[in-house]
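In UniProt numbering, the protein residues as written are 1 to 71.
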């Protein structure tokens, strides 16, 4: 009696969407670890009136936090 062996091992199917999704999640995790993100969140929670009472503008605070790194 003869037996036929078949190889059923296939490479896993990985879609481009999954690859790019994983890359974007990784980039997002890197950005979230940056201390500036917390400062930007706090700035977003403050009102323009509150900033003006301290003699600051939102643009000035953005420049201070980002220190020219994104401009």
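Cβ atoms here follow ideal geometry from the backbone N, Cα and C, with glycine treated the same way.
Since the structure is predicted, the reported quantities are computational estimates derived from the model, not experimental observations.
The DSSP-derived three-state label of residue 14 is coil. Taking C-beta atoms as the reference points, residue 66 and residue 57 fail to come closer than 8 Å. Under the three-state reduction of DSSP, residue 67 is assigned to coil, being neither helix nor strand. Using a Cβ distance threshold of 8 Å, residue 31 and residue 37 count as a contacting pair.
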